[in-house]
Structures are given as C-alpha cells and as structure tokens.
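Notes follow once the structure below has been shown.
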Amino acid sequence: MKENNEELLKCSICGNRIEINVFGWKYGNNAEPVNSGRCCDYCNYMYVIPARLNLNK
Ligand SMILES: [Zn+2]
1 MKENNEELLK
11 CSICGNRIEI
21 NVFGWKYGNN
31 AEPVNSGRCC
41 DYCNYMYVIP
51 ARLNLNK
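Counting in the working numbering, the sequence shown runs from 1 upward without gaps.
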C-alpha cells in the first residue's frame, strides 16, 4: 500500500527513509547531539554514537 510509505520517518542526517527494524520499531534513533530529529541505524553508528563519545571526553 502506498500509504504505508508516508508513515516511515526520514533520517534527519542523511535523508533516507528509516526502515522498520527487526523489533518492529520504525522510529529509528535519537539523532542528538548531531541534531534534534531522528536518524537511521547507519547514521546512528557513523555519526551519533561517535558524537556522544566525544561529548564525554
Ligand atoms: Zn541516516
């Protein structure tokens, strides 16, 4: 159904759609401190987690 595509969130970092993960969770990850939106798993590992580690230094 086309309508389902509109329910998927976009990653606020790379702009790709956030895919529903194996747990059925479709809201991705919190993108802070990179920005205040949501992000996909890829950006979470590539940008958000490193940014959080840097904050703790
Ligand atoms: Zn992304």
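Here a beta-carbon is modelled for each residue, glycine too, at the ideal position from N, C-alpha and C.
Q: Examine ligand 1 and report whether any of its heavy atoms sits within less than 6 Å of the Cβ of Asn16.
A: Yes, Cβ of Asn16 sits closer than 6 Å to a heavy atom of ligand 1.
**Q.** N- and C-terminal bounds of the alpha helix (DSSP H) containing Arg52
**A.** 49 to 55
Q) Beta-carbon separation of Arg38 and Gly24 under 7 Å? A) no
Q. For Tyr45, is the beta carbon positioned less than 6 Å from some heavy atom of ligand 1?
A. No, Cβ of Tyr45 sits at least 6 Å from all heavy atoms of ligand 1.
Q: Pull up the distance between the alpha-carbon of Asn87 and that of Asn35, whole angstroms please.
A: Any answer about residue 87 is impossible in this case: the structure gives the chain only from 1 up to 57.
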